[in-house]
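Residues in the sequence shown are numbered consecutively from 42, following our numbering. Note that the Cβ used here is the ideal one computed from N, Cα and C, for glycine as well. Bear in mind the structure is a predicted one, so any value in this text is a computation, not a measurement.
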Amino acid sequence: MAAKELSKELLDVLACPVCKSGLAYSKAKQELHCKKCRKTYKVKEGIPILLP
């Protein structure tokens with residue numbers, strides 16, 4: 042299955058549920074990474090799973 046892209050608009054409003062910092066998206070790994078606390082969140086079928 043091809044990796045789905047997250048829109049820039051969505052990435053602009055997403056925040057880490059732990060520390061409220063911005064998230065960086067890795068399309069290859071299908072993950073979001075917190076820029077501050079370094080927590081990682083999976084993206085499944087284009088849906089960010091932001092459970093702490």
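Taking the DSSP output, what are the residues bridged to E72? For E72, the beta-bridge partners assigned by DSSP are S67 and K83.
Could you round the C-beta distance between S62 and C78 to whole angstroms and report it? I think they count as a contact, below 8 Å. Yes, they are in contact, since the Cβ atoms of S62 and C78 sit about 7 Å apart, within 8 Å.
Do the CB positions of C75 and L91 come within less than 8 Å of each other? At least 8 Å separates the beta-carbon of C75 from that of L91.
Within 8 Å, strictly: CB atoms of K45 and E86: Going by C-beta atoms, K45 is nearer than 8 Å to E86.
To which residues of the same chain is L55 closer than 6 Å at the C-beta, ignoring the five residues directly before and after it? Its chain contains L64 as the residues whose beta carbon lies nearer than 6 Å to that of L55, once the 5 sequence neighbours on both sides are disregarded; these appear in chain order.
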